[in-house]
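Sequential numbering from 1 applies to the sequence shown in our numbering.
Remarks on the structure that follows.
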Amino acid sequence: MEDGTQQLGHCVVDMKELSANPEGLTAAGVMLTPKLPKVEFSLTCKDLVTSGRDRKPNALVQVAVVDPHKQHLVTQTCTEIVEANKDPLFLTGVTFPSEYPASPETLVKLTVYDAKDKSQESSNFLGSATFSVSDLLRAKDERLTLSLRSSDGVCTAGTVVVSRLKMGEMEEVDIDHITTDIQSQKCPMVCESASHHATIDRENNPLTGPVFKNPVCKVYRFQTVDSKWMLVREQMEECTLSFSIPKQLLSLYIQEDMRRLQDLRELGELSPHWDNLRKEVMTRYGGIISSYQETLAELDKITGRSFKPSCCKAQKSLEFIPINLHTQRMRVTCPRKTDALYDIITVGAPAAHYQGFKCGGLQRLLSRYEADKKSFSTAYQCIYYSPEHTAKAQEVLSTMSLLQPHISSLADQLLKASQEHSSSGLRDSLKNLSDKTEQFVHTLKDELVKSALLALHAARPGYVSKNQKQTPVQGGQHQGHIQQSSDQNQSPVQGLPGHSPAAPATESTVVCNNVEALQTTTAGEGGTLPVRQDSIPHHKEYDEEEWDREWANVAKCLNCVIAMVDKLLDEDNNKQEPVPEQHLADVITSHNPGDWREQLRPLVTSLKECVTEVVDKAKRAMTFVLLQEAACSIPQGFLLQQRRDVVFSQALAALACGFVMRLYAGMQDKGFLRQLHLVGLVAQFESLLSTYSEEIGMLEDMEVGISDLQRVTFQITEAKTDDLSDLQPSVCGRRDHFTVEVPLPRLVFQTLPEEIKEGKPLRVFPVLFNVGINEQQTIAERFGDISLQERINQKNFEMLEAYYKSLSEKVPLECLPCYQTQTDIKELLETLGQNVVTKKRKNVEILWIAGTICRRLNGIRFTSCKSAKDRTSMSVTLEQCALLRDEHQLSKDFFIRALDCMRSRLTQGDIGQWEDPEAGAVTESKPASRHFYPIALLLVSSHLLVVWLILSLVFLLAKYQ
Numbered sequence: 001m002e003d004g005t006q007q008l009g010h011c012v013v014d015m016k017e018l019s020a021n022p023e024g025l026t027a028a029g030v031m032l033t034p035k036l037p038k039v040e041f042s043l044t045c046k047d048l049v050t051s052g053r054d055r056k057p058n059a060l061v062q063v064a065v066v067d068p069h070k071q072h073l074v075t076q077t078c079t080e081i082v083e084a085n086k087d088p089l090f091l092t093g094v095t096f097p098s099e100y101p102a103s104p105e106t107l108v109k110l111t112v113y114d115a116k117d118k119s120q121e122s123s124n125f126l127g128s129a130t131f132s133v134s135d136l137l138r139a140k141d142e143r144l145t146l147s148l149r150s151s152d153g154v155c156t157a158g159t160v161v162v163s164r165l166k167m168g169e170m171e172e173v174d175i176d177h178i179t180t181d182i183q184s185q186k187c188p189m190v191c192e193s194a195s196h197h198a199t200i201d202r203e204n205n206p207l208t209g210p211v212f213k214n215p216v217c218k219v220y221r222f223q224t225v226d227s228k229w230m231l232v233r234e235q236m237e238e239c240t241l242s243f244s245i246p247k248q249l250l251s252l253y254i255q256e257d258m259r260r261l262q263d264l265r266e267l268g269e270l271s272p273h274w275d276n277l278r279k280e281v282m283t284r285y286g287g288i289i290s291s292y293q294e295t296l297a298e299l300d301k302i303t304g305r306s307f308k309p310s311c312c313k314a315q316k317s318l319e320f321i322p323i324n325l326h327t328q329r330m331r332v333t334c335p336r337k338t339d340a341l342y343d344i345i346t347v348g349a350p351a352a353h354y355q356g357f358k359c360g361g362l363q364r365l366l367s368r369y370e371a372d373k374k375s376f377s378t379a380y381q382c383i384y385y386s387p388e389h390t391a392k393a394q395e396v397l398s399t400m401s402l403l404q405p406h407i408s409s410l411a412d413q414l415l416k417a418s419q420e421h422s423s424s425g426l427r428d429s430l431k432n433l434s435d436k437t438e439q440f441v442h443t444l445k446d447e448l449v450k451s452a453l454l455a456l457h458a459a460r461p462g463y464v465s466k467n468q469k470q471t472p473v474q475g476g477q478h479q480g481h482i483q484q485s486s487d488q489n490q491s492p493v494q495g496l497p498g499h500s501p502a503a504p505a506t507e508s509t510v511v512c513n514n515v516e517a518l519q520t521t522t523a524g525e526g527g528t529l530p531v532r533q534d535s536i537p538h539h540k541e542y543d544e545e546e547w548d549r550e551w552a553n554v555a556k557c558l559n560c561v562i563a564m565v566d567k568l569l570d571e572d573n574n575k576q577e578p579v580p581e582q583h584l585a586d587v588i589t590s591h592n593p594g595d596w597r598e599q600l601r602p603l604v605t606s607l608k609e610c611v612t613e614v615v616d617k618a619k620r621a622m623t624f625v626l627l628q629e630a631a632c633s634i635p636q637g638f639l640l641q642q643r644r645d646v647v648f649s650q651a652l653a654a655l656a657c658g659f660v661m662r663l664y665a666g667m668q669d670k671g672f673l674r675q676l677h678l679v680g681l682v683a684q685f686e687s688l689l690s691t692y693s694e695e696i697g698m699l700e701d702m703e704v705g706i707s708d709l710q711r712v713t714f715q716i717t718e719a720k721t722d723d724l725s726d727l728q729p730s731v732c733g734r735r736d737h738f739t740v741e742v743p744l745p746r747l748v749f750q751t752l753p754e755e756i757k758e759g760k761p762l763r764v765f766p767v768l769f770n771v772g773i774n775e776q777q778t779i780a781e782r783f784g785d786i787s788l789q790e791r792i793n794q795k796n797f798e799m800l801e802a803y804y805k806s807l808s809e810k811v812p813l814e815c816l817p818c819y820q821t822q823t824d825i826k827e828l829l830e831t832l833g834q835n836v837v838t839k840k841r842k843n844v845e846i847l848w849i850a851g852t853i854c855r856r857l858n859g860i861r862f863t864s865c866k867s868a869k870d871r872t873s874m875s876v877t878l879e880q881c882a883l884l885r886d887e888h889q890l891s892k893d894f895f896i897r898a899l900d901c902m903r904s905r906l907t908q909g910d911i912g913q914w915e916d917p918e919a920g921a922v923t924e925s926k927p928a929s930r931h932f933y934p935i936a937l938l939l940v941s942s943h944l945l946v947v948w949l950i951l952s953l954v955f956l957l958a959k960y961q
């Protein structure tokens, strides 16, 4: 750039400032290496000679470089085919990847062929030429004209013009001359690389190095409607999160299931029936843990790979890994305009390919499972718990595990503030403690906990029902407790909701005195609070009101703490007022800084012990709920959980990749960052699966997997160091809620809004739209059922509409990006809604409009099909060309040529290789091959015609019979 700036993703760094302050480089984690300017060039040919004098060649140029280590030619890239033209101008340029940095000694060989067909399987050699990078840089106007030598090295087969890509305005040239007979030699020299300056070492770039790697780049030049030229770069990268996220999830799954095993062991003694069920459930959990540990061990053995190709989609050890997860970025450079970026994440549909789709996918299997679970619960003598009850039990367990240590920590802070005699600290600590304890008590008041405790009591060996003779109560301890708590029907948390530490202490004092009375009454019987019993008594009928008294006593203990704090603060305020001199010595003597802590400590200790006891009892109750849910679903429930884990792992890896890419691109966009922490981002998944055969199961898996992403939040943290290992995103949590932490370098982190720096959870709203586009979808629409697709689109349209409503209420629409097409988002939503309910075959307008809305809302775009290859690449390239046409005035005459260029030698088709460890062979992977020729269309059409004829014949025969 002319102004000395350089772009890291979307983060602009002043190169002059960095060079003047080398220390800033290390602090930011940006390591610059001295490199030559990036070399990109375009190609044209003139006066090509073919064997037939009257025939014009279908020319293409193959570009190869000399391997600096092995000293042999390595094919680098190939241009598109320009048909029937002796003077072809190629729209596909040449750029050097990171593994072949351009140095002055780099030799480049250009070989021109006459392709007889687009498959390039049959082509004739026309001529070749060789030059070095230094030749190009030293040439006048950085342009070389080379003679093409034939195979005998004597005859000239024409010339090839190599031009360094430069930004400039095109001279007035007839468009027809550009595509046929080039008259002006300045046509190729109308673009300039946006990277025409010192480049950044990607491996040490903190905004890309930790997550994205192995970039593959393509460069094109296309003409605009005003006879200018735009430069278009496609850059595709692999994502390290393809493996790191699933591996972290596996570890979390293992930890969660091991905790579940421990909870089951801690349930205590159960009747023989329930004890046998517990053993069976524990065996199932042990099997899952063992399987996940084996999978994790296999994944730990894999090194150097960053994506899973489609040929491995049914491999068990890789079932948690998403298929062909890649990022696709298109950068558009136009004269006198700011560069524009368009990002898409391509990934295979999240689905359990190893487990298969014989019985359908998750959506169908879960519906059938819930319908059958009632009969299972009867057979296993269990209480039927709905999915909502099961989810509630998991939520209670999760909430208690978070709140208990938090309450304990806040209680310690309260004691610390009292020891320091800090009135403000005491008020703040008490307010936080009150808020968290309120939340804790509210969680325990749920009727599910109460009913689960009764069910657990019934499962004990000594259970006595109401219809049986009641065993006499031994001792007077429990009777005394019941009598002491006869006022339990009153509100137990007096003054708790909305309580202020400055409020009068009269009401709290009453409660406090009541609790003190309880302490005094029980002191002679063992010196413990009545709420801290060892367990639910087995020797008598279960008192259903006992649980209400126990969680209520937590609130009473808190009220006692509140009353004491209010009392201390009132005395402190009175002490600050002028008092007679004769009383001053007494006040100082009776109120020293140690008094506050000593008066609060017993009450705080009682509160913490009450919380611990209640947590233990509620934990056993909720564990028993989950035991019953697991017992009545053996083995189907465990198989479904494993399938759901697999699908969610693939979906989360893709979402994390998209979130990180979108975050890096928006670091300097204040409107985007404001939207991020106030509302969150929409993640739009575009699916091209058909509603036919096994792809129905894939779509059912994908629907559940994308929906489960609603349980995920993101959090941006400051990295410990600027090492790449410390900049890798991490996952924490459990199945009902996961948090993905994205660390950023210190200097980058400091530029974020305060809300984000304080760790505010950032939400993502996933939506899924599906439209099948292949020949199988034609069969499904004519003779099958597409209700699944219709239901998915309708449901997710409503979610997208709700997101926009929330966004428009909290964020000014001026914060959203501006586009050339000025269509209002409301109008787009209305059009999308109309298309969703319209009965139209292969209505791709749904996908087009949904994608447009996503970009207008600063969202994250995903495109998927079965393996993220053919259908995905067709969609991505068409979308990119449409963006060039609508947003950058791509000439209509160049639209088809631009599409052919992107699909003939595609970024996504050239990436990476995958080594098969068993066969020892290296097989080329094509994550999104764009090879799409007329012969393929003919084969598809012929196949479809045959299927249609067969089905028509079957229906006719059935009709006449």
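Think of the CB as a built atom: it goes at the ideal place given N, C-alpha and C, for glycine as much as any other residue.
From a predicted model like this one, the values you see are computed outputs, not experimental measurements.
Original post:
Is the segment 252-263 in contact with the segment 329-343, if contact means three or more CB pairs nearer than 8 angstroms?
Top reply: no
**OP:** Tell me residue 837's beta-bridge partners as DSSP assigns them.
**Re:** Answer is none; residue 837 lacks a bridge partner.
Subject >> Rounded separation between residue 219 and residue 843 - CA only >> reply: 32 angstroms
**OP:** Kindly indicate the opening and closing residues of the alpha helix (DSSP H) around residue 667.
**Re:** Residue 667 -> no alpha helix (DSSP H), and no H or E assigned at all.
Original post:
Which term fits residue 272, buried or exposed, when burial requires 16 or more other beta carbons within 10 angstroms of its beta carbon?
Top reply: exposed
Original post:
Which partner residues does residue 765 have in the DSSP bridge list?
Top reply: 682
Subject >> Contact belief for residue 652 with residue 411 at Cβ below 8 angstroms, rounded distance in angstroms >> reply: Between residue 411 and residue 652 the Cβ distance is about 36 angstroms, and since that is not below 8 angstroms, they are no contact.
Original post:
Does any heavy atom of the ligand ATP sit closer than 7 angstroms to the C-beta of residue 422?
Top reply: No copy of the ligand ATP appears in this structure; indeed no ligand is present at all.
Subject >> Nearest neighbour of residue 755, chosen from 640, 679, 727 [CA to CA] >> reply: 679
Original post:
Any chance the segment 648-667 sits against the segment 242-250, with 3 or more Cβ pairs inside 8 angstroms?
Top reply: yes
Original post:
Taking just the CA atoms, how far does residue 44 sit from residue 226?
Top reply: 22 angstroms
Original post:
Starting from residue 143 and walking both ways along the beta strand (DSSP E), at which residues does that stretch end?
Top reply: 143-149
Original post:
If we count the other Cβ atoms within 10 Å of its Cβ and call it buried at 16 or more, is residue 141 buried or exposed?
Top reply: exposed
Original post:
Per DSSP, residue 770 forms a beta bridge with which residues?
Top reply: 687
Original post:
For residue 611, which three-state DSSP category applies?
Top reply: helix
**OP:** Whole angstroms is fine: what's the gap from residue 877's alpha carbon to residue 899's?
**Re:** 7 angstroms
Original post:
Distance, Cα to Cα, residue 682 vs residue 767?
Top reply: 7 angstroms
**OP:** Classify residue 777 as buried or exposed, calling it buried when 16 or more other Cβ atoms lie within 10 Å of its own Cβ.
**Re:** buried
Original post:
Looking at the structure shown, is residue 653 part of a helix, part of a strand, or coil, going by DSSP?
Top reply: helix
**OP:** Please name the residue in 628, 570, 829 whose C-alpha comes closest to that of residue 393.
**Re:** 628
Subject >> Secondary structure of residue 71, DSSP reduced to three states >> reply: coil
**OP:** Please report how far the alpha carbon of residue 151 lies from the alpha carbon of residue 353, in whole angstroms.
**Re:** 50 angstroms
Original post:
So residue 759 is in the beta strand (DSSP E); what residue range does that whole segment cover?
Top reply: Residue 759 -> no beta strand (DSSP E), and no H or E assigned at all.
Original post:
Which of helix, strand or coil does DSSP assign to residue 225?
Top reply: coil
Original post:
For residue 358, which residues does DSSP report across the bridge?
Top reply: Per DSSP, none; premise fails for residue 358.
Original post:
Considering only residues of the same chain and omitting the five flanking positions on each side of residue 113, which have a CB-CB separation below 7 angstroms?
Top reply: 60, 62, 123, 124, 125, 126
Subject >> CA nearest to the CA of residue 969, picked from 93, 91, 80, 135 >> reply: Not covered by the structure: residue 969. The range shown for the chain is 1 to 961.
Subject >> DSSP state of residue 457 mapped onto helix, strand, coil >> reply: helix
**OP:** Can you tell me which of the three DSSP states residue 64 falls into?
**Re:** strand
Original post:
Quick one, which of 325, 875, 223, 823 has its alpha-carbon nearest residue 214's?
Top reply: 325
**OP:** Select from 333, 347, 277 the residue whose C-alpha is nearest the C-alpha of residue 307.
**Re:** 347
Original post:
What residues match up with residue 824 in a beta bridge as DSSP calls it?
Top reply: Paired residue(s): none; residue 824 is not in a bridge.
Original post:
Using DSSP with H/G/I as helix, E/B as strand and the rest coil, what is residue 637?
Top reply: helix
**OP:** Would you mind stating whether residue 596 and residue 408 have Cβ atoms separated by less than 8 angstroms?
**Re:** no
**OP:** Identify, in the order they occur along the chain, each residue of the same chain with its Cβ nearer than 8 angstroms to the Cβ of residue 794, setting aside the five sequence neighbours on each side.
**Re:** 836, 837
**OP:** Quick one: residues in its chain with C-beta nearer than 7 angstroms to the C-beta of residue 415, no 5 flanking neighbours on either side, listed in chain order?
**Re:** 597, 600, 601, 604
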